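Notes for the one structure printed next.
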Amino acid sequence: MFKVVVCLAFVSVVLADLEERKIPTLDGRIVGGSNTTIDRHPYQISLRYFSEHICGGAIISSTWVLTAAHCVQGATLPSFLTVRIGSSYVGSGGEVITVLSTIIHPNYDERTYDYDIALLSLSSSATSNVIARAIALPSTQTGPNAGQTATITGWGALTQGGVSPSILQVVEVPVVSQNACQVAYQVQGHQISPRMFCAGLLGVGGKDACQGDSGGPVTVNGILYGLVSWGIGCALPDFPGVYSNVANLRQWVFQNSGV
1 MFKVVVCLAF VSVVLADLEE RKIPTLDGRI VGGSNTTIDR HPYQISLRYF SEHICGGAII
61 SSTWVLTAAH CVQGATLPSF LTVRIGSSYV GSGGEVITVL STIIHPNYDE RTYDYDIALL
121 SLSSSATSNV IARAIALPST QTGPNAGQTA TITGWGALTQ GGVSPSILQV VEVPVVSQNA
181 CQVAYQVQGH QISPRMFCAG LLGVGGKDAC QGDSGGPVTV NGILYGLVSW GIGCALPDFP
241 GVYSNVANLR QWVFQNSGV
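Heads up: the sequence shown runs through residues 1 to 259, numbered per UniProt numbering.
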């Protein structure tokens with residue numbers, strides 16, 4: 001009984017930690033998006049503690065998933081982590097696979113969210129599932145260009161502080177230039193590093209990712225260029241979403257996963 005109580009307490013602490021990050025961080029809620037299906041985004045996963053969805057992520061090979069470092073930073077017991085694959089629904093369907101281990105980028109900074117990236121090693125093949133598929137990674141260390149369309153998916157709440165949907169959501173927003181994003185955030189004392197890029201309707205707002213799905217995939221032309229990382233508010237006109245730049249961190253991914 002004591003062991004169960006300790007485990008549940010551990011889960012509660014992790015979930016509470018993610019909850020506390022909702023104001024300064026994105027955590028991947030899809031605002032201004034629409035319903036979609038997993039067959040259109042077969043790389044999408046739900047990262048879970050027991051039955052609780054805490055983050056998103058992307059399948060990059062049969063046994064590796066990419067997510068945000070802040071999703072798993074406190075997970076010293078990876079056996080409590082699982083991923084649901086191959087389902088449009090956050091709480092049912094598809095297949096649930098145990099996470100064997102986590103690898104967090106050694107330079108991850110929890111204050112600035114720089115190097116916000118982590119690898120999950122799976123206990124069995126994700127791509128043996130009839131639906132789940134790996135997504136391609138950037139072939140160079142150059143991130144997406146300003147103006148390109150970024151596609152973001154996840155199960156986060158549809159409005160700030162709202163109820164999360166059961167079905168996968170998708171939204172498309174333009175990539176914002178590094179300079180424009182830095183100008184937007186420096187007034188709040190935040191730095192946009194080369195390990196980050198921004199996307200959103202700057203000056204307009206209304207579409208974004210936010211609470212509920214950190215670590216979720218951000219694709220451009222079918223390639224995984226980003227992971228939902230942080231931001232100020234949700235879908236605000238002055239603050240585009242900030243995403244981990246997978247292209248810039250491509251070498252680290254290869255060195256640690258072989259992918």
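Backbone N, C-alpha and C fix where the C-beta goes; we use that ideal spot for every residue, glycine too.
Model, not experiment: these values are computed from the prediction.
Alpha carbon to alpha carbon, how far is Gln191 from Gln178?
One Cα belongs to Gln191, the other to Gln178, and the distance between them is close to 11 Å.
Under 7 Å, do Asn35 and Ile131 count as touching if we go by C-beta distance?
No. Outside cutoff.
Using a threshold of 7 Å, state whether the C-beta atoms of Val65 and Pro78 are closer than that.
No, these two residues do not count as a Cβ contact at 7 Å.
Our contact map puts Tyr43 next to Arg133 with C-beta atoms below 8 Å; I'd like the distance itself, whole angstroms only.
Tyr43 to Arg133, Cβ: 6 Å. Contact.
Helix, strand or coil for Ala247? Go by DSSP, reduced to three states.
It is coil, neither helix nor strand.
Taking His105 as the reference, give the member of Val96, Tyr115 and Arg111 with the closest Cα.
Nearest C-alpha to His105: Tyr115.
Quick check: what's the CA-CA separation for Leu122 versus Arg111?
Those two C-alpha atoms are separated by around 28 Å.
Out of Ala118, Val83 and Glu52, state which residue places its alpha-carbon closest to the alpha-carbon of Phe254.
Each of Ala118, Val83 and Glu52 was checked against the Cα of Phe254, and the nearest Cα belongs to Ala118.
Any heavy atom of the ligand FMN closer than 6 Å to the beta-carbon of Ser164?
The ligand FMN is not part of this structure, which contains no ligands at all.
Which complete beta strand (DSSP E) runs does the segment 77-123 hold, if anything under 3 residues is left out?
Taken in chain order, the complete beta strand (DSSP E) segments of 3 or more residues contained in the segment 77-123 are 81-85, 95-104 and 118-122.
Neighbourhood of Val72 by C-beta, 6 Å cutoff - its chain only, sequence neighbours within 5 removed:
Excluding positions up to five away in sequence, the list reads Thr102 and Ala118.
Nonlocal neighbours in the same chain, by C-beta distance under 7 Å from Arg250, ignoring five residues either side:
Excluding residues within five positions, the ones whose Cβ falls inside 7 Å are Leu137, Pro138 and Gln141.
Determine the direct distance from the alpha carbon of Leu120 to that of Ser257, and round the result to whole angstroms.
Using only the alpha carbons, I get a separation of about 9 Å.
Based on the DSSP secondary-structure assignment, which residues constitute the bridge partners of His53?
DSSP output for His53 lists Arg48 as bridge partner(s).
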